[in-house]
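Sequential numbering of the sequence shown, starting at -14, is according to the numbering used here.
Every residue, glycine too, gets a C-beta built ideally from N, C-alpha and C.
The structure appears right after this line, and notes come after that.
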Amino acid sequence: MSIFASRRRARPVEPRIAATDLGGGDAELVMYGDVMAEDSRDWWTGEPDGRPAVTSEALNRELDKLRGAERVTVRLNSCGGDLYTGLAIHSVLRSLDAEVTVRVEGIAASAASVIACAGDRVVVTPGSILMVHEGALGLMGYYTGADLRALVADMDAGVRAMLGVYAAKTGRPEDELREMVEAETWMVGQEIVDAGFADVLEDAGQDCGEPAVEDEGGGEVMVAGVLHDLSRFRHVPDLAARVSASANHTEQTPGEPSPVSDMSEPPRAAEEEGETFMNISELREQHPDLVAEIEAAARQSERDRLAAIDEVADGLPADMVREAKYGEHPMGAEQLAIAALRAQSAERSARADADRAAAARYLADAQSDAEESGTDEVEPDPTGGEGEDTEEEQAKKEVQQCAQLRAQMRGGR
């Protein structure tokens, strides 16, 4: 079975993000392509250029089709991109009042792996690929030490938020996840399930006979029909061998998914025979040691929450940190980091919009100046401006010549 073809000329599937109301309480959200901070725009005009991408703006335009759905299936095939956007999309999907199933139809790398973790149920096939890494920041221009320290603080906050998402999904300690992230860890098929990033491994069925990954050369690969650029990653393994081995050694019976863990519900204590209910005063009176233990645990939990916020507070606005600690709606360090990243992303987008608007105004002003100067109406003169004299100019020259000749004659007497 050929999983990694040499070079096929099949036309890639267009990147897109699109939601569909399937009826009966079901909806589908397709996310194919790079995760970007904003819709792709023409640099000069600031207008959308029509190139599709997975963005928060695009998701917001599709949300109405998901509202009211009881079950939402997200079909994901993305090499990632902007971490802040990935965190924002993760938050939106988690906030849906629906059961969310994420199906990794090709690859979920970098920021797309954060989106994948939004699923209440994450489904992969033997050919699915997932990658986690620390990411990188591109810089251009001149920066002071303070500028660079602020950027490092921003990146650290993003990594902590990302690790919080991974920990919530996998149940693994953040120290262990940090090692995976720093090593740029690639997982295929069952490996994704074993690591806790997916809940179910499904057989690809009849589609498994078709190449899942196609080498397009130059660092580009076609994964399940979507073209991805892997050249930006530092430690890309031999995906051909990994995907092929995963597909060939999967013993899963088609149509019978294999869950990672026991999903059975815990026993409900309130349904046990002889259950009695007590208010706080009665509980304190009859079980003082238990109450003291609970209160001590609560105090420790609050101290831990405040300490975690202090760890991510560097470089964040003081009022935002204060609101997170003591405001009407307190939040943990992970939530604060995500909120800060959203605010920073919005600020960057606003600055980019302002730059594009300034560039557009400059071009408009230049065009207006050119039109007002009348230079378009000036015709070129091949003689360099030294054309024939008019009759009036010729007469003046003749008078001047006569005067000069007369002066010369008088001087000669």
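Among the options, nearest to residue i - alpha-carbon criterion
{"i": "residue 12", "options": "277, 121, 47", "result": "47"}
{"i": "residue 311", "options": "377, 295, 20", "result": "295"}
{"i": "residue 174", "options": "321, 111, 309, 103", "result": "111"}
{"i": "residue 331", "options": "10, 90, 23", "result": "23"}
{"i": "residue 290", "options": "321, 10, 143", "result": "321"}
{"i": "residue 113", "options": "130, 91, 134", "result": "91"}
{"i": "residue 51", "options": "18, 76, 3, 89", "result": "3"}
{"i": "residue 334", "options": "42, 8, 7", "result": "42"}
{"i": "residue 323", "options": "124, 76, 8", "result": "76"}
Supposed contact pair residue j and residue i - C-beta distance, whole angstroms, cut 8 Å
{"i": "residue 339", "j": "residue 29", "result": "Going by Cβ atoms, the distance from residue 339 to residue 29 rounds to 15 Å, so no, they are not a contact pair."}
{"i": "residue 120", "j": "residue 97", "result": "Their Cβ separation, rounded to whole angstroms, is 12 Å, which puts residue 120 and residue 97 out of contact at 8 Å."}
{"i": "residue 63", "j": "residue 16", "result": "6 Å"}
{"i": "residue 185", "j": "residue 106", "result": "7 Å"}
{"i": "residue 44", "j": "residue 74", "result": "6 Å"}
{"i": "residue 143", "j": "residue 181", "result": "Rounded, the Cβ-Cβ distance is 21 Å, inconsistent with contact."}
Local conformation of residue i per DSSP, three classes
{"i": "residue 52", "result": "coil"}
{"i": "residue 6", "result": "strand"}
{"i": "residue 187", "result": "coil"}
{"i": "residue 158", "result": "coil"}
{"i": "residue 16", "result": "strand"}
{"i": "residue 270", "result": "helix"}
{"i": "residue 86", "result": "strand"}
{"i": "residue 98", "result": "helix"}
{"i": "residue 316", "result": "coil"}
{"i": "residue 412", "result": "The structure shown does not extend to residue 412, since the chain spans only -14 to 398, so no value can be given for it."}
{"i": "residue 106", "result": "strand"}
{"i": "residue 44", "result": "helix"}
{"i": "residue 61", "result": "strand"}
{"i": "residue 348", "result": "helix"}
{"i": "residue 165", "result": "helix"}
{"i": "residue 134", "result": "helix"}
{"i": "residue 399", "result": "Past the boundaries of the shown model lies residue 399; the chain is included only from -14 to 398, so the question cannot be answered."}
{"i": "residue 112", "result": "coil"}
{"i": "residue 172", "result": "strand"}
{"i": "residue 93", "result": "strand"}
{"i": "residue 149", "result": "helix"}
{"i": "residue 66", "result": "strand"}
{"i": "residue 299", "result": "coil"}
{"i": "residue 399", "result": "Since the first residue of the chain shown is -14 and the last is 398, residue 399 is not available in this structure."}
Residues near residue i by beta carbon distance below 8 Å, same chain, minus five either side
{"i": "residue 21", "result": "38, 39, 40, 66, 67, 70"}
{"i": "residue 306", "result": "294, 298, 321"}
{"i": "residue 152", "result": "158, 159, 162"}
{"i": "residue 247", "result": "Legend: pLDDT at residue 247 = 35, less than 50; position of this residue unreliable, value from coordinates given subsequently. If we look at residue 247 and ignore the five residues flanking it on each side, it has no Cβ neighbours."}
Neighbourhood of residue i by C-beta, 7 Å cutoff - its chain only, sequence neighbours within 5 removed
{"i": "residue 139", "result": "300, 329"}
{"i": "residue 381", "result": "none"}
{"i": "residue 31", "result": "338, 341, 342, 345"}
{"i": "residue 309", "result": "294, 315, 316, 321"}
{"i": "residue 279", "result": "none"}
{"i": "residue 1", "result": "15, 17, 18, 37"}
{"i": "residue 302", "result": "none"}
Cβ neighbours of residue i in the same chain (closer than 6 Å, five flanking residues each side left out)
{"i": "residue 241", "result": "At residue 241, the pLDDT of 41 sits below 50, so the modelled position is not reliable; the number obtained from the coordinates is stated separately. Same-chain partners within the cutoff: there are none."}
{"i": "residue 318", "result": "293, 294, 297"}
{"i": "residue 78", "result": "85, 103"}
{"i": "residue 94", "result": "64, 65, 116"}
{"i": "residue 88", "result": "60, 108"}
{"i": "residue 5", "result": "13"}
{"i": "residue 183", "result": "107, 109, 177"}
Determine, using beta-carbon pairs with one atom in the segment 41 to 57 and one in the segment 72 to 84, whether at least three such pairs fall under 8 Å. yes
Three CB pairs or more closer than 8 Å across the segment 154 to 171 and the segment 321 to 341: no
Touching or not, the segment 159 to 166 and the segment 142 to 150, by the rule of three or more beta carbon pairs under 8 Å? yes
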